[in-house]
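Since the structure comes first, as structure tokens, the remarks are kept for the end.
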Amino acid sequence: MTASRHAAHLAQLNVSTLRHPFDDPRMAPFVEMLDPVNAAADGAPGFVWRLVEEGAGDATGLRPAGEDVIVNLSVWETREALWDFAYRSGHLEVMRRRREWFQRHVESHLVLWWVPAGHLPTVGEALERLADLRAHGPSPRAFTFTSSYTAAEAARHPRAVPPAVAEPAQP
């Protein structure tokens, strides 16, 4: 995890349902992009942390959301840093080709939320935030790029940050 000057960081979870088994030759172009894209993320301005499977370079072997679903969980210093990586880097090529490898999601597949600097979200926490977004829509607790909230707005929301680090309510 990289050091940061920000009090809050932006966590993100993205889930993708595979069109084909991961070892299918039709998935090879995606698999070939994993190392370069992950290396770019690791070196991107504002990158803090990403989930990796023990002994692996990524999290594609973890299947907490189903055998045909891969997860990407990461933490960034700011919304802008994540946006720049997702849409202004080599990652954009993966986004452009995602329909080749992943099914179209009917419900939300990406969720963002603020965490205190130094907090590394668990997969369970991330899946709960995604479930919250799907059930209740965007809020300071769980949102998207198009319906985002600031860290300050999240800090004022009683359920937005983990209870152990929530700020006391103002009188």
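Each residue of the sequence shown is one higher than the last, beginning at 1 in the numbering used here.
Positions of the beta carbon are idealized from the N, C-alpha and C atoms, including for glycine.
- request: Report the three-state DSSP secondary structure of R88 (helix, strand or coil).
  value: coil
- prompt: Can the beta-carbon of F85 be found closer than 8 Å to that of A151?
  reply: no
query: Counting pairs of beta carbons, one from the stretch 111-122 and one from the stretch 7-23, are three or more of them closer than 8 Å?
result: yes
- prompt: Nearest CA to the CA of A56: which residue from N38, V48, S139, F47?
  reply: N38
- prompt: Using 8 Å as the Cβ pair cut-off and three pairs as the minimum, do the stretch 15-24 and the stretch 54-73 touch?
  reply: yes
V115 and L133 closer than 8 Å at C-beta: no
message: With a threshold of 8 Å, are at least 3 pairs of Cβ atoms found where one atom belongs to the stretch 101-111 and the other to the stretch 137-147?
response: yes
message: For the beta strand (DSSP E) containing L120, name the first residue and the last one.
response: No beta strand (DSSP E) holds L120; DSSP gives it neither H nor E.
query: What beta strand (DSSP E) runs, 3 residues minimum, are completely inside the stretch 18-85?
result: 47-50, 69-76
- prompt: Per DSSP, what kind of secondary structure is A8 in: helix, strand or coil?
  reply: strand
- prompt: What do you get for H136, buried or exposed, if any count of 16 or more other CB atoms within 10 angstroms of its CB means buried?
  reply: exposed
message: Please state the DSSP three-state secondary structure of V94.
response: helix
Sheet register partners of S139 (DSSP bridge): A142
query: Distance, Cα to Cα, V75 vs A154?
result: 16 Å
query: Under 8 Å between the Cβ atoms of P45 and A7?
result: no
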